[in-house]
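Student:
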Ligand code: NAD
Ligand code: ZN
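Numbering (full-length UniProt numbering), first residue to last: 1 to 371.
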């Protein structure tokens, strides 16, 4: 049981920053994976333990999921610059071991999660309305703020996810980005129980959770991915139909036939521009195409005539807010979704990126920060 509330000042530098409450056991250095330039060497080495700002908690990260976004961040292939040097990772689950002087609502020993949205301004119109991830001042874990591929990481106390006591930290970690994101995307599709939803990229990290959230929300699931092992996973997770993009000669016709006229909603979580564009063709009239996956440089094209005559909707969905996070974690804690994870040491992160690049990952890899 972690009940240490002992206060200590760690070093003169930290003393200068203000009053910080930390557990006595927090070291000055730790292991982490850091890179100094986009696409450069991923170095597993000793780095300083960050000091929480007045509004931040310090989390001893035990496990972190590896999201395809971390690969984009390392490569630097999006039109938004990363901080450099950078420690990636934004699905970190761990234990609160310290906090800044203004933090309320957390105690040492609580379980906490590091999400993509590390913090936002909380005073603009978007934050006020619960669109915190769209805030112009959003601070992003593993992108503009050092993330969870280290043993200790900081997070804004308002945005950090609250994880119920007793939760398995390895299994909950993918919920913090993948789970929240697909749950929010499914809500954005405005479906009703019994409707068909297609999950494009269904056996990946986001997809494998999307299949389960969709099922738990009462929808009929058609999964799309490539290969027999991926099809097997999609079926095991509750997918009713699997369409293999490496085998199908006519994706649009096959999907429309299997769903009696096209799915009412499509959640695009693949990293394929072609797959995203195809979804504008097979979606059911009046249905909704939700864009989630972010292939570098991709453009969505929808034929205007059929877009109008079929009256389809195309919308973007970007992680989720604090309420979406709480709800997505509730589904997990209540056993409605399970994390199909493979746990490896943090030092093995480069090989996880290689497998991800080759499209060889089933479900989610999670790194154990102690190895
Ligand atoms: P992943 O690599 O685990 O999964 C991608 C899956 O897509 C793989 O299973 C792959 O086989 C499959 N795929 C590849 N080509 C396909 C095709 N033509 N048709 C159907 N499936 C295909 O990746 P992930 O971690 O699930 O992330 C997916 C994407 O979502 C990334 O671009 C990531 O940056 C993005 N993302 C967006 C948000 C958001 O808020 N919008 C949040 C998290 C991740
Ligand atoms: Zn992510």
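Backbone N, C-alpha and C fix where the C-beta goes; we use that ideal spot for every residue, glycine too.
Within 10 angstroms of its Cβ, does residue 60 collect 16 or more other Cβ (buried), or is it exposed?
Tutor: Residue numbering aside, residue 60 sits at position 60 when the chain shown is read from its first letter. By the 10 Å Cβ count, residue 60 comes out buried.
Student: Take residue 78 and list the residues in its own chain whose beta-carbon comes closer than 6 Å to its own, dropping the five residues that flank it on each side.
Tutor: Within the chain shown, the letter at position 78 stands for residue 78. Cβ within range, chain order: 72.
Student: What residues are listed by DSSP as bridge partners for residue 99?
Tutor: For this step, residue 99 is matched to residue 99 along the chain shown. Answer is 21, 57, bridged to residue 99.
Student: Check each candidate in 245, 171, 295 and name the one with the smallest Cα separation from residue 335.
Tutor: By 1-based counting over the chain shown, the position of residue 335 is 335. It is 171 whose Cα lies nearest to the Cα of residue 335.
Student: State yes or no: is the C-beta of residue 211 within less than 8 Å of the C-beta of residue 319?
Tutor: Within the chain shown, the letter at position 211 stands for residue 211. Within the chain shown, the letter at position 319 stands for residue 319. It is not a contact, given that the beta carbons lie outside the stated cut-off.
Student: Would you check whether the ligand ZN has a heavy atom nearer than 7 Å to the C-beta of residue 91?
Tutor: Indexing the chain shown from 1 puts residue 91 at position 91. Result yes, Cβ under 7 Å from the ligand ZN.
Student: Count Cβ pairs between the stretch 276-286 and the stretch 253-261 that sit closer than 8 Å; are there 3 or more?
Tutor: With a cut-off of 8 Å, the stretch 253-261 and the stretch 276-286 count as touching, because enough Cβ pairs lie within range.
Student: Pick helix, strand or coil for residue 45, following the three-state DSSP scheme.
Tutor: As a position in the chain shown, residue 45 is number 45, starting the count at 1. Of the three classes helix, strand and coil, the one that applies to residue 45 here is strand, per DSSP.
Student: Would residue 195 count as contacting chain D if we go by Cβ distances under 8 Å?
Tutor: Protein chain content of the structure displayed is limited to a single chain, and chain D is not contained in it.
Student: Keeping to the same chain, check which residues put their C-beta closer than 7 Å to that of residue 278; ignore five residues upstream and five downstream.
Tutor: Reading the chain shown from its first residue, position 278 is the one you call residue 278. Same-chain partners within the cutoff: 251, 252.
Student: Could you check how far apart the C-beta atoms of residue 293 and residue 268 are, in whole angstroms? I think they sit under 8 Å.
Tutor: To locate residue 293, count along the chain shown from 1; it is residue 293. To locate residue 268, count along the chain shown from 1; it is residue 268. The Cβ separation is near 5 Å, so the contact holds.
Student: Name the one or two DSSP bridge partners that residue 154 has.
Tutor: Walking along the chain shown from the start, residue 154 turns up at place 154. DSSP output for residue 154 lists 58 as bridge partner(s).
Student: Taking 7 Å as the cut-off, is the CB of residue 29 close to at least one heavy atom of the ligand ZN?
Tutor: In the chain shown, residue 29 corresponds to position 29, counting from 1. No, since every heavy atom of the ligand ZN falls outside the 7 Å radius drawn around the Cβ of residue 29.
Student: Exposed or buried, which one is residue 223 when buried takes at least 16 other CB atoms within 10 Å?
Tutor: Along the chain shown, read from residue 1 onward, the residue named residue 223 stands at position 223. So residue 223 ends up on the buried side.
Student: State yes or no: is the C-beta of residue 160 within less than 8 Å of the C-beta of residue 114?
Tutor: Working through the chain shown from its first residue, we reach residue 160 at position 160. Working through the chain shown from its first residue, we reach residue 114 at position 114. Yes, they are a contact pair.
Student: Could you tell me the distance, in whole angstroms, from the CA atom of residue 371 to the CA atom of residue 261?
Tutor: Stepping through the chain shown from its first residue, residue 371 is reached at position 371. Stepping through the chain shown from its first residue, residue 261 is reached at position 261. Distance between the alpha carbons of residue 371 and residue 261 is about 50 Å.
Student: So is residue 129 buried or exposed if we call it buried at 16+ other beta carbons inside 10 Å?
Tutor: On the chain shown, position 129 is the one that residue 129 refers to. Classification of residue 129: exposed, given that the 10 Å Cβ count is below 16.
Student: Let me check you understand the geometry: is the CB of residue 104 closer than 7 Å to at least one non-hydrogen atom of the ligand NAD?
Tutor: Translated into the one-based positions of the chain shown, residue 104 becomes position 104. No; taking the cut-off as 7 Å, the Cβ of residue 104 has no heavy atom of the ligand NAD nearer than that.
Student: Pick from 341, 191, 49, 330: whose alpha carbon is nearest that of residue 288?
Tutor: Stepping through the chain shown from its first residue, residue 288 is reached at position 288. Of 341, 191, 49, 330, the residue nearest in Cα terms is 191.
Student: Do residue 149 and residue 304 have their C-beta atoms within less than 8 Å of each other?
Tutor: Stepping through the chain shown from its first residue, residue 149 is reached at position 149. Stepping through the chain shown from its first residue, residue 304 is reached at position 304. No, these two residues do not count as a Cβ contact at 8 Å.
Student: Which first and last residues belong to the alpha helix (DSSP H) in which residue 220 is found?
Tutor: Along the chain shown, read from residue 1 onward, the residue named residue 220 stands at position 220. Looking at the DSSP string, residue 220 is not in any alpha helix (DSSP H); the run it does join, the beta strand (DSSP E), is 220-225.
Student: According to DSSP, is residue 115 part of a helix, a strand, or is it coil?
Tutor: Locating residue 115 in the chain shown gives position 115, where the first residue counts as 1. Residue state, collapsed to three classes: coil.
Student: Residues near the ligand ZN, CB to any non-hydrogen atom under 5 Å, in chain order?
Tutor: That gives 67, 69, 177.
Student: Can the beta-carbon of residue 263 be found less than 8 Å from the beta-carbon of residue 209?
Tutor: Position 263 of the chain shown, counting from 1, holds the residue named residue 263. Position 209 of the chain shown, counting from 1, holds the residue named residue 209. No.
Student: Out of curiosity, what's the CA-to-CA distance linking residue 338 and residue 331?
Tutor: For the purposes of this step, residue 338 is taken as the residue at position 338 of the chain shown. For the purposes of this step, residue 331 is taken as the residue at position 331 of the chain shown. Those two C-alpha atoms are separated by around 9 Å.
Student: So, with DSSP's three-state summary, where would you put residue 145?
Tutor: Residue mapping note: residue 145 aligns to position 145 of the chain shown, counting from 1. Reduced to three states, the DSSP call for residue 145 is strand.
Student: Is residue 318 helix, strand or coil by DSSP?
Tutor: Start at 1 with the first residue of the chain shown, and residue 318 comes out as number 318. Residue 318 falls in the coil class under three-state DSSP.
Student: Helix, strand or coil for residue 93? Go by DSSP, reduced to three states.
Tutor: Against the chain shown, residue 93 aligns to sequence position 93. DSSP places residue 93 in strand when its eight states are reduced to three.
Student: Expressed to the nearest angstrom, what Euclidean distance is found between the alpha-carbon atoms of residue 188 and residue 25?
Tutor: Residue numbering aside, residue 188 sits at position 188 when the chain shown is read from its first letter. Residue numbering aside, residue 25 sits at position 25 when the chain shown is read from its first letter. Straight-line Cα distance between these residues: approximately 44 Å.
Student: Measuring only from the beta carbon, is residue 122 closer than 7 Å to any heavy atom that is part of the ligand NAD?
Tutor: On the chain shown, residue 122 is found 122 positions in, with the first residue counted as 1. Every heavy atom of the ligand NAD is 7 Å or more from the Cβ of residue 122, so no.
Student: Mind checking who residue 196 pairs with in its DSSP beta bridge?
Tutor: In the chain shown, the residue the question calls residue 196 occupies position 196. 220, per the DSSP bridge assignment.
Student: Hey, out of 204, 357, 333, whose CA is closest to residue 165's CA?
Tutor: For this step, residue 165 is matched to residue 165 along the chain shown. Of 204, 357, 333, the residue nearest in Cα terms is 333.
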